[in-house]
Amino acid sequence: MVTLLDRYTSVKVKLQQAIEAAHREPKDVQLLAVSKTFAAADIATLYAQGQQCFGENYVQELAEKTTTLADLDIEWHFIGALQSNKTRIVAEKSHWVHTIDRLKIAQRLNDQRPEAMPILNVCLEVNVSGEPQKHGIAPEDVLALAQAVQALPKIQLRGLMCIPSATNDETILRAQFATMQKLLDQLQQASLVVDTLSMGMSADMPLAVACGSTMVRVGSAIFGERHYPQ
Ligand SMILES: *Cc1c(COP(=O)(O)O)cnc(C)c1O
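Position one of the sequence shown corresponds to residue 50 (the numbering used here), numbered consecutively onward.
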């Protein structure tokens, strides 16, 4: 039987190989373990192996797991769609939010971030595939939103995030990842201090690393198949 630790080890090896193949440094690509729908006990198991960053998609699940695992020094990343009436829990419980797609959400997170907590790291979600059903802002709107978000005092703009087209076509994926890299360059040229490209999931992790990802978000390859509650 393949265990959680087997899968985790194999993802780490695969990531290492992708980093070497791309002539990049291990410290420049972080592994975010996407634990949505999986038990807090699985998170604790990986934490004991040195995994510190975990990604969650659902506000209620984030609230429960951060409470259950409050004793562990976990860095929590919120990577799900965020409605404005649910921002408070995220502002109080997470260290990163990857899915900012409008100023109003960023403003609420900024206003609700507790004074005693460190600044909240955020990425803008870009709809890089242009599919209408996808979340995220259009590439041409990235600079303006980045400048507005950057001005908020309790928030630190770190970079950009995307979910590319659901395809195995490497040419399409490469083009979309390249667009993300260009958008990040554009922000840097506009004197914004950004360093993060959040891209690459279980299916496209090596390609994303080859295309400049600094943070891969890997779920099923680590935790196994997801079963959503009915
Ligand atoms: C679920 C999810 C992931 C992980 O996807 P896998 O294919 O299971 O690796 C990554 N990013 C986001 C935004 C997700 O919702």
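Glycine residues also receive a C-beta, built at the ideal position from the N, C-alpha and C atoms. None of these values were measured; they are calculated from a predicted model.
The secondary-structure analysis by DSSP pairs residue 264 across a beta bridge with 79, 247.
Per DSSP, the continuous alpha helix (DSSP H) segment holding residue 196 begins and ends at 191–199. Around the beta carbon of residue 159, 16 or more other beta carbons sit within 10 angstroms, so the residue counts as buried. For residue 105, the beta-bridge partners assigned by DSSP are 127.
Within the DSSP bridge table, the entry for residue 170 names 145, 205 as partners.
Shortest gap from the CB of residue 250 to any heavy atom of ligand 1: under 7 Å. Nearest to residue 184 by alpha-carbon distance, out of 245, 214, 166, is 214.
In terms of side-chain proximity, the C-beta atom of residue 170 is found no nearer than 7 Å to any non-hydrogen atom of ligand 1. In this structure, the alpha-carbon of residue 173 lies about 39 Å from that of residue 50. The beta carbon of residue 195 is closer than 7 Å to those of 173, 206, 236, 241 in its chain, skipping five residues each way along the sequence. The region 215–234 makes contact with the region 249–269, as at least three CB pairs between them are under 8 Å. Exclusion of the five residues before and after residue 131 leaves 148, 154 as the residues of its chain whose Cβ lies within less than 6 Å of its Cβ. Using a cutoff of 7 Å, the CB of residue 266 counts as near ligand 1, since one of the ligand's heavy atoms is closer than that. Cβ neighbours of residue 77 within its own chain (closer than 7 Å, five residues either side excluded): 263. Distance from the CA atom of residue 126 to the CA atom of residue 104, rounded to whole angstroms, is 5 Å.
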